[in-house]
Amino acid sequence: MHLVELCVGAMKYNYSEISSKQFESLVVQLCYKLLGYGTKTFAEGADGGRDARFDGEATDIPSYRDPWKGLTIIQAKHTAEYNKKFSDNDFFGAKSSIVNEEVEKMKRLIAEDGMKNYMLFANRKLPANAHEEILAYMAEQTGMEKRNIVLIGIEDIENYLKAFPDIPEKVDLNAFDMPLNIEPDELADVILQIKNEISNINELAREKPSKLNGEIKRVSLKKKNKINNLNSSYSDIIEGKMIAFNEITDFLARPENSEYQEKYLECKAELDEKIRAIKKPMHEFNYIIEKVYDLIIARDQDCKTNKRLTKLMLHYMYYICDIGDTKKEEASEYAA
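Count along the sequence shown starting at 1, add 67, and that's the number in my numbering.
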């Protein structure tokens, strides 16, 4: 299976981390498939807004048997905020909402350009009730039929990308640069419990061990670094935390901590699977650890308020071989 297909099928993109220009390019590529290759790319209009347009008979919107005809205007509304919805007040409901602004533009486009159809893409979740409310509001305010208005949120975008797996590569979407679907809840629970039970864990992580620690069974760190392309200076940082690693191992091994051991196992399995799906041969593993760290602290407030311990846990996972490869033949699979 091609890497792009694997990434799209197995995980979601984080569209909040791409630029608005890149999101517009993604929308245009989708419109090539849904409307036709006559789709014109986004350009600034007289009102300063940006829209794309298609004039003719659509390919598959709203359906193959009964496609749109005439001028279709396409809007792409990108937000850099994570986990936003069409139902949020900034998008729909408030007087200054995006939908209200778009309704005014729609009226002008109908009167001045003869717009017949309208598509609104946004990197937001689209709940069913919000979908119906927004459609009804736009139709009522503009006089358009609801069948001539299409709202597309991230759920539909993900489904389209599964149907058209060639699109991410065309718009330079790198699944590793913006993975969406890592949920760090289990890791956060483990981190908080470790913090409670090992009050000096961050101090231990800064202490230099007097000798290499042999209690944690693992392959040679030097060998693993070579397999995973992790640089030596970053390895020195990881290796300097072995005293803390022993404390974490001891914590997870205690029978009374079986609940947290299970949560740790769930988290490390998820991270390992996601990394295997998205890692490319040119990626240094230290880069991967840092990107995963950035993603985790952006997703979970407990991890964000315990940054050093969160980083320590990722270093621990790598050191004890819960993430990263230990055999050359496994590493070669990443090149698929």
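A virtual CB, placed ideally from N, CA and C, is assigned to each residue, including glycine.
- At least 7 angstroms separates the beta-carbon of L319 from that of I390.
- Residue range I216 to I219 is occupied by the beta strand (DSSP E) that includes V217.
- For secondary structure counted as the alpha helix (DSSP H) over 4 or more consecutive residues, the stretch 259–334 holds these complete runs in sequence order: 268–273, 288–295, 299–306 and 309–320.
- At least 7 angstroms separates the beta-carbon of L376 from that of I216.
- The Cβ atoms of L97 and I128 lie no closer than 7 angstroms to each other.
- Counting along the chain, the unbroken alpha helix (DSSP H) around K237 starts and ends at I234 to K237.
- Beta-carbon to beta-carbon, R120 and I141 are separated by about 7 angstroms, close enough to satisfy the 8 angstroms threshold.
- Cβ-Cβ separation between I342 and I355: approximately 6 angstroms, consistent with a contact (criterion under 8 angstroms).
- For T126, the CB contacts under 8 angstroms within the same chain, skipping 5 residues up- and downstream, are K100, L101, L102, G103 and P134 in chain order.
- Assignment of I165 by DSSP, reduced to helix, strand and coil, places it in the helix class.
- Segment contact: the stretch 286–296 against the stretch 230–242, fewer than three CB-CB distances shorter than 8 angstroms; contact not assigned.
- Inclusion of A189 and K144 in the CB contact set at 7 angstroms is warranted, their separation being smaller than that value.
- Closest by C-alpha distance to K136, out of A110, K262, E207 and G181, is G181.
- Here D392 is buried: its Cβ has 16 or more other Cβ atoms, across all protein chains shown, within 10 Å.
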